[in-house]
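Trainee: My questions will all concern the structure given below.
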Amino acid sequence: MIRFESVSKIYSTDVVLKNINWEIKKGEKVGLVGSNGAGKSTQFKILIGEEDQTSGTIIKEGNPKIAHLKQELDCNLKCSVREELESSFKDIQIVAIKLLEIENKMKSLEVKKNSNELEELVNQLSKYQAKFEALGGYKMQSDVEKILPKLGFSIEDADKLVGNFSGGWQMKVALGKIILQKPDLLLLDEPTNHLDLDTIFWLEEYLSSLNIAIIIISHDRYFLDKLCKKIIFIDRGLSETYNGNYSFFVEQKSLNEESQNKAYQLQQKEIEIQKKYIDRFRASATRSSQAKSREKQLKKIAKIDAPIAKSKSPAFNFPDCPRSGKLVLKIKNLSHSYEDKIIFLDANLNISSGEKIAILGPNGCGKSTLLKIIMKKISPEIGEINLGKHNIITSYYEQNQAEALSLEERVIDLICNKSPEWSQKKIRTFLGGFGFQNESVFKYIKQLSGGEKARLALAIMIMDPSNFLLLDEPTNHLDLQSKENLELAIKNYKGSLLIISHDRYFISKVANRIVEIKDSKLFSYNGNYEYFLEKRKKNNKKISN
């Protein structure tokens, strides 16, 4: 369907893509992976015509219809959910407006008196009605109403303003608009970032059932494993294709690197032996011809490329902190509502020292609200929320914390202002651990990518030691390597953790207890994410029986 052939993209200050070669066939589901700034989104922009490649060729078979879901929400918050979903039928809406114009003209007294003009309008009306039907105009409303429950909306929700819903629900509207376009090729850029687990499960099943080509940029490893049978890895402007899911890619890439390293070392050893022989016997009366022969052979040898040194990835290390008492948090008989919706009703939870708890539940169930209540940013209507009495020191990472950074400030100045007693060397070393090296420390925050801002916000949060972390979606916009480093840091963290995340792989790596918000209560599962899934599956079977 589409093929990239030696595609490059060069900006005035940076070479983003050097030599990109990959293809996607009809019906294939492909994962496009690589670190933040590797040029993944740039390739999407080239595909949809927002930008042109500097060199190389992109071959498209049969002019495929391409739909693109961007990271930034493409929603009009002042429109109703129904109006937004219907806005994806642009061709139908243009015809509908024309039909309305014709009908309004036909109602005027002047036209009614002029039989020729009226006849012309009747002909136009008939023509546009046929076009409206051919485009599926009469099905538009039913198509919208069919997708509403799949996205989690009720029929009553359809007439509510998009702006009345949370970011996660707004993302569902954006997804719905894309799906209704029925494209030949679907481009998804971080589609799971704002979705709750149930919607991610639905999206996986839905996309699996579609017989169209899909390219996914995602840091959700479970999502890539479930959907993709091909992975295109972008690194340093180059591309490599792996015919398998994400787990296969990780394993195969490691084997390839190991194999290349061994072959390179062996060849270098052999070249060194031959060079020593040539140098030793080049002037020898008896062996000079052999030495010259070996020298010719050495020039003809196909050199194995040296293994590319791995980029230094951000390292997250939580500073040491005094141990807390055994009881870290006690929530007793919590009840809280928002407008006319009950969020919590007589909810209870105890957290002990060393526990690493993931809070799960659908969007809008109160996960972020719970953290804000614990941090006293919101006062609960009823109930007691008490931190432990012995030495509890908290750190809190809000979902949109990266957006609160001062855009006009430089990265290095931000750290310097927070810790003026730190030396320049200590600041540079600290920032280097988060991927800000060399000249990048002098960047203004407005110049940073979403992933860079997220890393910087995390860096600022962990500058102060704590023994009770509250993290709300800390992995949003982090690349895969950064997530792995955060996982490792949390595993080594000696304190207690309360975390909200929709990244299932991440949860499975860091959480030793799951708390689900359901029916305004807090349900505890004393095990990891896989244990929670198994228990929930059994509970659902009991209910269905």
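Counted the way the working numbering counts, the sequence shown spans residues 7 to 551.
Ideal Cβ placement from N, Cα and C applies to all residues, glycine included.
1) Determine the burial state of ILE277: buried for a count of at least 16 other Cβ atoms within 10 Å of its Cβ, exposed for fewer.
2) So what's TRP28 in DSSP terms, helix, strand or just coil?
3) Output needed for HIS3: all residues of its chain with C-beta closer than 6 Å, excluding positions within five of it in sequence on either side, in chain order.
4) In chain order, what are the residue ranges of uninterrupted beta strand (DSSP E) at least 3 long that sit wholly in the region 219 to 294?
5) In chain order, which beta strand (DSSP E) runs of at least 3 residues are fully inside the region 440 to 468?
6) Between the C-alpha atoms of LEU193 and LEU75, what's the straight-line distance to the nearest angstrom?
7) Measuring only the C-alpha atoms, how far is THR481 from PHE440?
8) So is PHE207 buried or exposed if we call it buried at 16+ other beta carbons inside 10 Å?
9) Check ALA164 in the structure and name its three-state DSSP category.
10) Quick check on the DSSP output: what are the complete alpha helix (DSSP H) runs of length 4 or more inside the region 298 to 383, in order along the chain?
11) In the DSSP assignment, what residue or residues form a beta bridge with ARG434?
12) What number of angstroms, rounded off, separates the C-alpha of GLU495 from the C-alpha of ASP470?
13) Thinking C-alpha only, which one of GLN303, TYR283 and LEU304 is nearest LEU294?
14) Taking Cβ to Cβ, would you say CYS85 is nearer than 8 Å to VAL13?
15) GLY173 lies in the alpha helix (DSSP H); which residues open and close that run?
16) If ALA180 sits next to ASP80, beta carbons under 8 Å apart, how far is it from one beta carbon to the other, in whole angstroms?
17) Which value, in whole angstroms, describes the spacing of the CA atoms of ASN120 and LEU186?
18) Between which two residues does the alpha helix (DSSP H) harbouring ILE206 extend?
19) Is the region 146 to 155 close to the region 104 to 111, with three or more CB pairs under 8 Å?
20) Give the C-beta separation of GLY243 and VAL22 to the nearest angstrom, bearing in mind that I take them to be a contact with Cβ-Cβ under 8 Å.
21) Determine the contact status of LEU475 and SER401, defining contact as a CB-CB distance below 8 Å.
22) So who's on the other strand from GLU522, going by DSSP bridges?
23) So ILE523 and LYS373 are in contact, right, with Cβ under 8 Å, and what is the actual spacing, rounded?
24) TYR228 and TYR537: beta carbons closer than 8 Å?
25) The beta strand (DSSP E) spanning ASN392 covers which residue range?
26) Please determine, among ASN369, LEU38 and ASN122, the residue with the shortest C-alpha to C-alpha distance to ASP204.
27) From what residue to what residue does the alpha helix (DSSP H) around ALA495 run?
28) Identify, in the order they occur along the chain, each residue of the same chain with its Cβ nearer than 8 Å to the Cβ of ILE421, setting aside the five sequence neighbours on each side.
29) Starting from the Cα of ASN323, find the closest Cα among ILE16, ALA364, ILE218 and LYS497 and give me that residue.
30) Along the chain, which unbroken stretches of the beta strand (DSSP E) at least 3 residues long are found entirely within the region 98 to 133?
31) Just to confirm my understanding: we take GLY394, look at its own chain, exclude 5 residues before and 5 after, and list those with CB closer than 7 Å. What are they?
32) Applying the criterion that 16 or more other CB atoms from any shown protein chain within 10 Å of the CB defines a buried residue, is SER224 buried or exposed?
33) Just checking my contact of GLY33 with ILE218 at CB under 8 Å: how many whole Å lie between their CB atoms?
34) Taking the CB atoms as reference points, tell me whether ILE337 and ASN354 lie closer together than 8 Å.
Mentor: Let me lay it out:
1) exposed
2) strand
3) Lying before the first or after the last residue shown, residue 3 is absent from the chain, which here runs from 7 to 551.
4) 219 to 223, 236 to 241 and 244 to 248
5) none
6) 6 Å
7) 14 Å
8) exposed
9) helix
10) 373 to 380
11) For ARG434, which the question treats as bridged, DSSP gives no partner whatsoever.
12) Sequence inspection shows Ala at residue 495; the Glu mentioned does not correspond to that position. Their backbone Cα atoms lie some 15 Å apart in a straight line.
13) This sequence places Ser at residue 294; Leu is not what is there. Checking every option, the nearest Cα to that of SER294 belongs to TYR283.
14) no
15) 173 to 186
16) 5 Å
17) 42 Å
18) 203 to 215
19) no
20) 7 Å
21) yes
22) LEU366 and PHE529
23) 6 Å
24) no
25) 388 to 393
26) ASN369
27) 486 to 498
28) TRP428, ILE433, PHE436, LEU437, ALA465, ILE466 and MET469
29) LYS497
30) none
31) SER330, GLY331, LEU333, VAL334 and LEU335
32) buried
33) 7 Å
34) yes
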